[in-house]
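**Q**
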Amino acid sequence: MALTTRDPKYLLKAYTAETGFYTKLNIDLASDTDVGKLERQFYIGILAFNPCFDQFRFNGEAYRGMSLTEDDLREYAVNQKVMIKSFLSATIDKSEAEFFLGKIQRHNIHGQAVKMGVMCTYIIRDKWSSLNVEHISEYPKEKEVLIFPYSVFMDLVVSVSYYVVIRCYASAMYYRPFGFVEIV
7 MALTTRDPKY LLKAYTAETG FYTKLNIDLA SDTDVGKLER QFYIGILAFN
57 PCFDQFRFNG EAYRGMSLTE DDLREYAVNQ KVMIKSFLSA TIDKSEAEFF
107 LGKIQRHNIH GQAVKMGVMC TYIIRDKWSS LNVEHISEYP KEKEVLIFPY
157 SVFMDLVVSV SYYVVIRCYA SAMYYRPFGF VEIV
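If you number the sequence shown the way the working numbering does, the last residue is 190 and the count never jumps.
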């Protein structure tokens, strides 16, 4: 559809639709497989820099509720940089993120938590690293923000209460052909 109408918004609609497309794309991005690498880079480049998406650029705080193992959580430490390797869905509605939080902890037979609820706040200051897709998505009530792959965040706060809280501050990024480069 995007080719016949020359409307790149259909590329974004394809990602936000409940199909296997976003799953396959994110797996390929995270694994960095060479098959289809150029096509994935073009896809990211179109979403990141096509002027038709300017009205959807996002700065501000976005939230993501998730369940992580203790090993996963070790990647998040104060002053630690974390690079997102695939597209990341977040929301501007904190209560929506809490739905995905996984507040009920799973425990092993020894009573140790296997997975714990984590609320991550992404402080996005680079409008080229995310889009507010609320009005494009099939699920507008989710108030989704799509954070682009290769975005880098610095962990500012990691605290544990009823669930783990992580606040991440975005590092600036810029695009060059065939990759994103961090501006420190």
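Backbone N, C-alpha and C define an ideal beta-carbon position, used for all residues, glycine too.
Values in this document were obtained by computation on a predicted structure and should not be read as measured data.
(1) So, under 8 Å CB-CB, residue 96 and residue 153 are touching, yes? Tell me the CB distance rounded to an integer number of Å.
(2) Buried or exposed: which applies to residue 105, given that a residue is buried once 16 or more other Cβ atoms fall within 10 Å of its Cβ?
(3) Run through DSSP, which three-state label would residue 157 get?
(4) What is the rounded straight-line gap between the Cα of residue 20 and the Cα of residue 107?
(5) Output the distance between the C-alpha atoms of residue 130 and residue 113, rounded to the nearest integer angstrom.
(6) With distances taken Cα to Cα, identify the nearest neighbour of residue 88 among 66, 46, 128 and 45.
(7) So residue 23 and residue 140 are supposed to be a Cβ contact under 8 Å. How far apart are they, rounded?
(8) Looking only at DSSP bridge pairs, what is residue 135 linked to?
(9) For the beta strand (DSSP E) that residue 172 lies in, which residues bound it at each end?
(10) Does the separation of the CB atoms of residue 123 and residue 103 fall below 7 Å?
**A** To lay it out plainly:
(1) 6 Å
(2) Residue 105 should be labelled exposed.
(3) Assigned with DSSP and collapsed to three states, residue 157 falls in coil, not helix or strand.
(4) Their backbone Cα atoms lie some 25 Å apart in a straight line.
(5) 34 Å
(6) 128
(7) Contact doesn't hold; Cβ gap of about 15 Å is too wide.
(8) Bridge partners of residue 135: none, in fact.
(9) 170 to 176
(10) Against a cut-off of 7 Å, the Cβ pair of residue 103 and residue 123 comes out as no contact.
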